[in-house]
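I have placed the structure first, in the form of structure tokens, so that the comments after it can refer back to it.
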Amino acid sequence: MTDSPAADSDKGDIERALTTVFREESGRIVGALTRLCGDLDLAEECAQDAFASALENWRAEGLPPRPGAWLMVVARNRAFDRLRRGTTERTKLEHFLMLSENSGPQPGGGEIDDDQLRLVFTCCHLALATEAQIALTLRTVLGLTTAEIAHALLTSEPTMAQRLVRAKAKIKHSLIPFEVPDHARFSGRLAAVLHVVYLLFNEGYGAAGGALYLRAELCGEAIRLARLLAGLVPDEPELSGLLALLLLQHARRTTRVDAQGALVPLANQDRSRWDHALIDEGAHLVETALRQGHAGPYQLQAAIAACHATAGSMADTDWREILGLYDVLLAMTPSPVIALNRTVALAEVDGPKVALARLDALEASGQLAGYHLLRPPCRNASPIGPWRAGGRILCARAAPGRHGRRARIFDTEIVRVDRRLRSVLALTQTQGD
Amino acid sequence: MKYLFLICVNDATNRPVQGLDVGAATDAWFNEMNERKKRLVGERLRPREEATTVSVIDGKLTLSDGPFAETKDFIGGFDLIECKDLDEAIEIAAKHPVAQFGAIEIRPIWVWNA
Chain G
0 MTDSPAADSD KGDIERALTT VFREESGRIV GALTRLCGDL DLAEECAQDA FASALENWRA
60 EGLPPRPGAW LMVVARNRAF DRLRRGTTER TKLEHFLMLS ENSGPQPGGG EIDDDQLRLV
120 FTCCHLALAT EAQIALTLRT VLGLTTAEIA HALLTSEPTM AQRLVRAKAK IKHSLIPFEV
180 PDHARFSGRL AAVLHVVYLL FNEGYGAAGG ALYLRAELCG EAIRLARLLA GLVPDEPELS
240 GLLALLLLQH ARRTTRVDAQ GALVPLANQD RSRWDHALID EGAHLVETAL RQGHAGPYQL
300 QAAIAACHAT AGSMADTDWR EILGLYDVLL AMTPSPVIAL NRTVALAEVD GPKVALARLD
360 ALEASGQLAG YHLLRPPCRN ASPIGPWRAG GRILCARAAP GRHGRRARIF DTEIVRVDRR
420 LRSVLALTQT QGD
Chain H
0 MKYLFLICVN DATNRPVQGL DVGAATDAWF NEMNERKKRL VGERLRPREE ATTVSVIDGK
60 LTLSDGPFAE TKDFIGGFDL IECKDLDEAI EIAAKHPVAQ FGAIEIRPIW VWNA
């Protein structure tokens, strides 16, 4: 009688432990097997099979002493069986045996880490659609289930399954290589990987709490991926910058949204509830990265986020420093969103009149015009134009489909700009009266 | 691995690129890829107005004057490339002069038993 609930809770514990182990080990296992079989699809299926066997075995016999190694061995044996049974897999089997003799996969070994990195570069190959890159990375590198990915990316499980099948078929039939790009192509390809991490984080960051818990969990997954990459590719300042940026944003996660799910402006957030361990880590990371002397957009955004996160209040914020960082960032990556954000800092440093004049100039220069989400509703709407555009983006965000998706990327920036511009405009209006 | 390169051009967007002699640049590309033993075969095609499209519907031969797809994009030529993987194919396609004003569509050749 008393056995049954205890057994149930043990079962639950095993399932939770397995999910954790699988998420941690998936990239290693799929990476190593892809190298051995030369087939990512097969590698992933074998990793899934190992997961299923583990569920059965571990329930009966409890957790093995080295769960990751257990999964790796089972997955590898499964791959061997599949290749041996296949009638058309002769060359792949020979390849598998040859590589297995030379370098058997050992969890924690150097080669395995390279395999994980190869896997990341394959999943984030630019010949795949961005949505496919994100889904594949979540599936193979981070070990999420198709159902979890579908839920997190607001699509149905069959649609997500189809997307994954198509992406894997393209990798297989187009022969997208399973390798770390050579020196000449490395930084370009790494930038694509960082972009995927960034989008993944924003997918989660755009979501409020409560029912959208799984989407918010994407932020944690993006950070896990960034940490994994930082371990695999040390001394890449933009990678450190990106990780720092994510940590600094994530540190504010509990204060960004109120109980009703509405976004809380920076000025009204309870700073004592920010995660100061994450802020310290993020600030330290970006400082170290910037000292290498190769500033890039992620480092600069992280530095701006650090200025906000380490300030005691809005008034204590070093707006001059923030403005300077925006100047460099804007010169590096001219973007209307950054230009808009910069005017917020400008309002704090030089006053709202200067900031509004800058907004007018921005609009007159046509820099905002080519950007459909920021297009003012009518020609003579300046300077209200960009402000209303901010509102339009919020509307686009609420609407499903492509625009919502794209708009979410800019969500946090725009919300901040929108709030600040509201107060700036309110201030000017009272001053004008 | 074999890939078919479809050399795509478009009526609406084609514009000459300053300083690019397409004929000479294409010859240079042919020579390089032949020397590197990447190009198995390839030809430039006559204009699509000269295409004849054949289909057999319910056993009845139907011919039409003109290309299969009536779009502004058309295939101006093709190359069959043999190289290591998609990354190398992309590198070879990016060097094709038409990539500067048109596009190169890379189509992997169907491999049986793969």
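Just so you know, the protein sequences line up as chains G and H, in that order.
Per numbering that gives the first Met the number 0, the very first residue in the first sequence carries number 0; after that it's consecutive.
Per numbering that gives the first Met the number 0, the very first residue in the second sequence carries number 0; after that it's consecutive.
Backbone N, C-alpha and C fix where the C-beta goes; we use that ideal spot for every residue, glycine too.
None of these values were measured; they are calculated from a predicted model.
Taking a Cβ-Cβ threshold of 9 Å, the residues of chain H close to G:I175 are D84, L85, D86, in chain order. By the Cβ criterion, the stretch 238-258 of chain G is in contact with the stretch 299-312 of chain G, since at least three pairs of Cβ atoms, one from each stretch, lie closer than 8 Å.
Between the stretch 45-60 of chain H and the stretch 0-14 of chain H there are fewer than three inter-stretch CB-CB distances shorter than 8 Å, so the stretches are not counted as touching. The alpha-carbon separation between H:D72 and H:G101 amounts to approximately 9 Å.
Put simply, of G:A344, G:A261, G:Q115, G:V348 the residue whose alpha carbon is nearest the alpha carbon of G:L227 is G:Q115. Sixteen is the threshold: when 16 or more other Cβ atoms of the shown chains lie within 10 Å of the Cβ of G:T33, as they do, the residue is buried.
The C-beta distance from G:V196 to G:A229 rounds to 10 Å, too long to meet the 8 Å contact threshold.
Residue state for G:C36 is assigned as helix, using DSSP reduced to three classes.
The beta carbon of G:S271 sits closer than 6 Å to none of the beta carbons in its chain outside the five residues before and after it. Of the other Cβ atoms in all chains shown, fewer than 16 fall within 10 Å of the Cβ of H:I108; this residue is therefore exposed. By alpha-carbon distance to H:A98, the top candidate from H:I74, H:W111, H:D64, H:D84 is H:I74.
G:A266 and G:M313 have their C-alpha atoms spaced approximately 6 Å apart. Taking 9 Å as the cut-off between beta carbons, the residues of the stretch 120-141 of chain G near chain H are H124, L125, A126, in sequence order. Going by C-alpha positions, H:G65 is about 12 Å away from H:R45.
In the three-state DSSP reduction, H:R106 falls in the strand class (E or B). Looking at G:T129, G:A191, G:C122, the one whose alpha-carbon comes closest to that of G:G142 is G:C122. Contact between H:F77 and H:L5 is confirmed by a C-beta separation of about 6 Å, below the 8 Å threshold. According to the DSSP assignment, H:K1 belongs to the beta strand (DSSP E) that extends over 1-9. At the C-beta level, G:L96 and G:L39 stay beyond 9 Å of one another.
The Cβ atoms of G:W57 and G:P63 lie closer than 9 Å to each other. Assignment of H:E81 by DSSP, reduced to helix, strand and coil, places it in the strand class. A straight line joining the alpha-carbon of G:A78 with that of G:T254 spans about 47 Å.
The distance from the Cβ of G:L70 to that of G:C36 is about 16 Å, inconsistent with a contact at the 8 Å cut-off. Secondary structure at G:R162: helix, using DSSP grouped into helix, strand and coil. Here the stretch 146-164 of chain G makes no contact with the stretch 182-196 of chain G; the two share fewer than three CB pairs at distances below 8 Å.
Residues of chain H with a Cβ closer than 8 Å to the Cβ of G:H293 do not exist; the shortest Cβ-Cβ separation is about 25 Å. Listed in chain order, the alpha helix (DSSP H) elements of length 4 or more contained wholly in the stretch 269-306 of chain G are 275-290. Boundaries of the beta strand (DSSP E) harbouring H:V55: 51-56, taken from the DSSP string.
If you draw a straight line from the Cα of G:E93 to the Cα of G:R75, it comes to about 15 Å. When the Cα atoms are used, G:D279 and G:L137 turn out to be separated by approximately 28 Å. Only residues of its own chain outside the window of five on either side were considered, and among them L39, D40, E43, L135 have a CB closer than 8 Å to the CB of G:K167, listed in chain order. As the crow flies, the alpha-carbon of G:L246 is around 49 Å from that of H:A24. For the C-beta of G:H182, not a single chain H residue is nearer than 7 Å; the gap to the nearest is close to 14 Å. In the DSSP assignment, G:V195 falls outside any beta strand (DSSP E) and lies within the alpha helix (DSSP H) extending over 182-204.
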